[in-house]
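In our numbering, the protein residues as written are 17 to 116. Each residue gets a CB set at the ideal place from its N, CA and C atoms; glycine is no exception. Quick notes on the structure that follows.
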């Protein structure tokens, strides 16, 4: 995924790639884009984490949204460059609890 940035192959981090792959898969399977709550459930993260990722993806030009419209996320990247979506239990989760 981390190739030289071009219009066809933008530089996408692993985490960004997983979010984009989820948005793509969800839209294909259910016929509508996911809500932020759907992303939150899949990635087991907090609402602010999802919102910040959506804003970052939008700033990077990977997605677009319609202000004031729910479920309006639209991919702006070629789905062919997206990684395979990992299941939720395969995702790397950072814990705030330290093991002793």
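Outcome for residue 55 when other beta-carbon atoms lying within 10 angstroms are tallied against a minimum of 16: For the purposes of this step, residue 55 is taken as residue 39 along the chain shown, with counting starting at 1. It counts as buried.
Among 36, 61, 31, the one whose alpha carbon lies nearest that of residue 96: Reading the chain shown from its first residue, position 80 is the one you call residue 96. Checked all of 36, 61, 31; the closest Cα to residue 96 is 36.
Pair within 8 Å by beta-carbon distance, residue 92 and residue 77: The sequence position of residue 92 within the chain shown is 76, counting from 1. The sequence position of residue 77 within the chain shown is 61, counting from 1. Yes. Within cutoff.
Per-residue burial, residue 50 [other beta carbons within 10 Å of its own, 16 or more giving buried]: In the chain shown, residue 50 corresponds to position 34, counting from 1. With a threshold of 16 other beta carbon atoms within 10 Å, residue 50 meets it and is buried.
Residue 55 - DSSP class collapsed to helix/strand/coil: Locating residue 55 in the chain shown gives position 39, where the first residue counts as 1. Residue state, collapsed to three classes: helix.
Residues of its chain near residue 40, where Cβ-Cβ distance is below 7 Å and the 5 sequence neighbours each way are ignored: Residue numbering aside, residue 40 sits at position 24 when the chain shown is read from its first letter. Answer for residue 40: 91, 95, 98, listed in chain order.
Whole-angstrom distance between residue 101 and residue 46, CA atom to CA atom: Sequence index remark: in the chain shown, residue 46 carries index 30 (1-based). Sequence index remark: in the chain shown, residue 101 carries index 85 (1-based). Answer to the nearest angstrom: the Cα atoms are 16 Å apart.
Cβ shell of residue 69 (< 6 Å), same chain only, five flanking positions each side left out: Along the chain shown, read from residue 1 onward, the residue named residue 69 stands at position 53. Annotation for residue 69: 35 place their beta carbon closer than 6 Å to its own, counting only its chain and skipping 5 residues before and after.
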